[in-house]
Structures are given as structure tokens and as C-alpha cells.
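Peer 1: Please see the structure below; I have some questions.
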Amino acid sequence: MAEKSKRGFASMDKEKQREIASKGGKAAHEKGTAHEFTPEEAREAGRKGGETVSKDRQHMAEIGRKGGEAVSEDREHMSEIGSKGGKNSHKNK
Numbered sequence: 002m003a004e005k006s007k008r009g010f011a012s013m014d015k016e017k018q019r020e021i022a023s024k025g026g027k028a029a030h031e032k033g034t035a036h037e038f039t040p041e042e043a044r045e046a047g048r049k050g051g052e053t054v055s056k057d058r059q060h061m062a063e064i065g066r067k068g069g070e071a072v073s074e075d076r077e078h079m080s081e082i083g084s085k086g087g088k089n090s091h092k093n094k
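Mind the numbering: the sequence shown is residues 2 to 94 in the numbering used here, read in order.
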């Protein structure tokens, strides 16, 4: 079967699609018909996204590893952490 030719939006390059979509979004906001998230909706969306991401254990391990590497590269910061740890280690005894 022959491949279907792209028409309309699908036939445009990505930059042209973004340009048109941007204009539509701006027009909707100016007109007052665009959806704007309430703080509650945003909180719920963030919670759902966090739950979804955190289910991927391999991804979470990778994030943690990268964060640890980034912090470890900052010698001054690590030195500060080490000196605070030594000073505070006997305070609660």
C-alpha cells in the first residue's frame, strides 16, 4: 500500500508548527479561553508526575548518582560538609 502523503500541520517543518502553535496559545490567553492551572491542579499534576518518575528505579538511581558526582566535584563544598560533620558529630551526646 502506498504511503499516505502528509497534509496540513503534519506537512510543515517543526519550526513552522511551533510558530503556529505559539500564536494559537497567545491568542487563547488574550481571548481568555486558555486553561490556566489553579495551584491545586498544578500540585496534583506535579504529584502524579513525581509518582510516575519515581516508579522507575533505574532512572532514580541514575539521577542520584549524577547528583552525587556533581556535588563531589565541588571540593570547597565537600570540604565544608566534612568540617561541619566533624564539628557537629558530638553535639547531641
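In this text, a Cβ means the ideal position worked out from N, Cα and C, and glycines have one as well.
(1) Do ALA35 and GLY26 have their C-beta atoms within less than 8 Å of each other?
(2) Can you name, in chain order, every residue of its own chain whose Cβ lies under 8 Å from the Cβ of SER73, other than the five neighbours on each side?
(3) If you drop the 5 nearest sequence neighbours on each side, which residues of the same chain put their C-beta closer than 6 Å to that of LYS5?
(4) Whose C-beta lies closer than 7 Å to the C-beta of LYS49 among residues of the same chain, with five residues either side of it excluded?
(5) For chain D, check one thing: does any of its Cβ atoms lie closer than 8 Å to the Cβ of ILE21?
Peer 2: So, from the data block:
(1) yes
(2) MET79
(3) none
(4) none
(5) The structure shown contains no chain D, having only a single protein chain.
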